[in-house]
Amino acid sequence: AEFVRAFHTCTANSTLGSTALVVFGCIVLAALLACCGYIMFQSWQHHRRPGKAAPAAPAAPVAPVDDPEAPHKALQQAATKLEPKPGNARACGGWLDCAGWRSKGKADSVAPPPAPPPVQHPYVPDATYAAGPESEHLLHRDARDEYYERLELQQEEQQRKIEEMRRQVRELQGAGVGPSMVDDGRGVGAYDPPPMASPDEAPENALHRAIQDLKRPGDTAKHIAACQVIADFASDESRKELAVNAGAPAAVVEAMMQDTHDAEAQMVGCTALRLLCASHGEDNELALRVAEAGGVEAVLDAMHFHPSADDVHKEAHRCLKQLALHQSNRVLILSNYGMEKISASMQKHMKDGAMQKVACLALGNLAFEPASKEHISFDIVSTVAQGMRSHGYDVDVQSAGVRALYNMICADPDIFDAVVESGASEAVGDAMARHPEIEEQQEARSIRCGMSDSVH
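My numbering puts the first residue of the sequence shown at 439, with every later residue one more than the last.
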């Protein structure tokens, strides 16, 4: 009122200064009216609200790991804290839904959620449980003790079998049944070389012509034909030394080194080298001269360059078997990891029975060398056992496998554990049950006795 009275007084005596005062007064009056309107609007909005919102649910406490009832208790505590007050419930029309536990028209009490299922602890022998009733502790402890007792009995039984096997091997060795080697005799193998192209030509002339053809580089077809001529010439026992003296081993090795890309050239080369050294007796000087010409390295390279060629590996194993008839050659093959490479080849060509036979014979000849102890391993023993199981009805594979296992046992008595654990002794027992020839082998009996109290 005072402001309005002053306003009228100023307007009645208006001058230039009083005009500015009038304008300023109008602005202040408008601001006051705006503030009053805002306050009245907020008061009106406050009075039309139906009620207060329910308080936010507090975070549930973290349940301890070792208390299986902790989740249930935590949910009950959260439900108690979320219980609404009667005034708020009436203001909301009797409707309040706390996390789905209550509904309209229900009682004020909160229904707890279903209890969680009990924790199931799987049995592990070495596990230690920190939760559960005392009966559960006792149950797991009894099961764990039973497991270790059974394991100890199995270990004692296995050790008894190993000792029995060692005793039988010592008895056989005392009776003169030691490790032995096998050769091809005349040398007829899986690959029989064709006859010479010119039957009327003198064999000696054909040999010299073939050696000259092998020395010509870059002609794989001539190299293959020349190796076939040399293999046919060396298939006669009386002409082997003549071919070796003429330089046939070195010529064949040279051609194989040039034709590493051709699987047939590698196969006929291995055949020629095998026939050049195939001879009876442990002191096989022809085999030594073939190895001195590079025969061992050439054969192992042929296996390396053609890992999937069955014929190449088959002839390579036969050649290694013959080369291993000489002591120096066995050491050379072992130093080039020949046993490991033969075992890897057996794994890759497990379905080929003829391959398994010649590979086992090669391993048996190599195991005749005492130095093979450093190369005999569980993997090699297991591979021989796998080959015997894969071809259980092939008596030749079974006989070769028994001979290889026995020679490896004689070379390394510590391999008894591997023979039992890999199932090789069981494979020998199956072979004896299927084949009377295997049952008559003293080597098979000595291996099998580790799995039975009686010697078959």
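Where is the CB? At the ideal position from N, CA and C, for every residue including glycine.
- Across the structure, residue 683 and residue 753 are spaced so that their CA atoms are roughly 23 Å apart.
- Residue 835 places its beta carbon less than 8 Å from that of residue 791.
- Selection 879, 677, 871, 477 evaluated against residue 842 yields 879 as nearest (Cα-Cα).
- A Cβ-Cβ distance of about 14 Å is found for the pair residue 797 and residue 840, leaving them out of contact under the 8 Å criterion.
- In this structure, the alpha-carbon of residue 829 lies about 17 Å from that of residue 748.
- Residue 728 and residue 646 have their C-alpha atoms roughly 17 Å apart.
- Distances from the alpha-carbon of residue 655 to those of 793, 671, 695, 669 put 695 closest.
- Within the model, the alpha-carbon separation for residue 757 versus residue 657 is close to 24 Å.
- The DSSP-derived three-state label of residue 698 is coil.
- No Cβ-Cβ contact shorter than 8 Å links residue 776 with residue 736.
- Taking residue 795 as the centre and dropping the five residues before and after it, the same chain places the C-beta of 834, 835, 838 closer than 7 Å to its C-beta, in chain order.
- By the Cβ-count criterion, residue 589 is exposed, with fewer than 16 other Cβ atoms from all chains shown falling within 10 Å of its own Cβ.
- Look at residue 779 here: in three-state DSSP terms it is helix.
- In this structure residue 471 is exposed. Its beta-carbon is surrounded by fewer than 16 other beta-carbon atoms within 10 angstroms.
- Under a 10 Å Cβ-count criterion, residue 744 is classified as buried, with 16 or more other Cβ atoms of the shown protein chains found around its own Cβ.
- A direct Cα-Cα distance of roughly 27 Å separates residue 760 from residue 856.
- Residue 755 sits in a helix when the DSSP states are folded into three classes.
- The three-state reading of DSSP puts residue 475 in helix, counting H, G and I together.
- Excluding five sequence positions before and after residue 844, the CB atoms of its chain that fall closer than 6 Å to its own CB belong to 881, given in chain order.
- A Cβ-Cβ contact shorter than 8 Å links residue 768 with residue 804.
- Around residue 778, the same chain offers 813 as residues with beta carbons nearer than 7 Å, after the five sequence neighbours per side are excluded.
- With respect to the 8 Å criterion, residue 690 and residue 724 are not classified as neighbours on the basis of their beta carbons.
- A buried status is given to residue 678, since no fewer than 16 other beta-carbon atoms sit within 10 Å of its beta-carbon.
- Counting the other CB atoms within 10 Å of its CB gives residue 816 a total below 16, which places it among the exposed residues.
- Taken through DSSP and simplified to helix, strand or coil, residue 879 comes out as coil.
- CA-to-CA, the gap between residue 688 and residue 595 works out to about 55 Å.
- A residue is called buried when at least 16 other Cβ atoms come within 10 angstroms of its Cβ; residue 692 meets this threshold and is buried.
- Distance from residue 811 to residue 782 at the Cβ level is roughly 20 Å; contact not present, criterion being Cβ atoms closer than 8 Å.
- Per DSSP, reduced to three states, the secondary structure at residue 731 is coil, with no helix or strand assignment.
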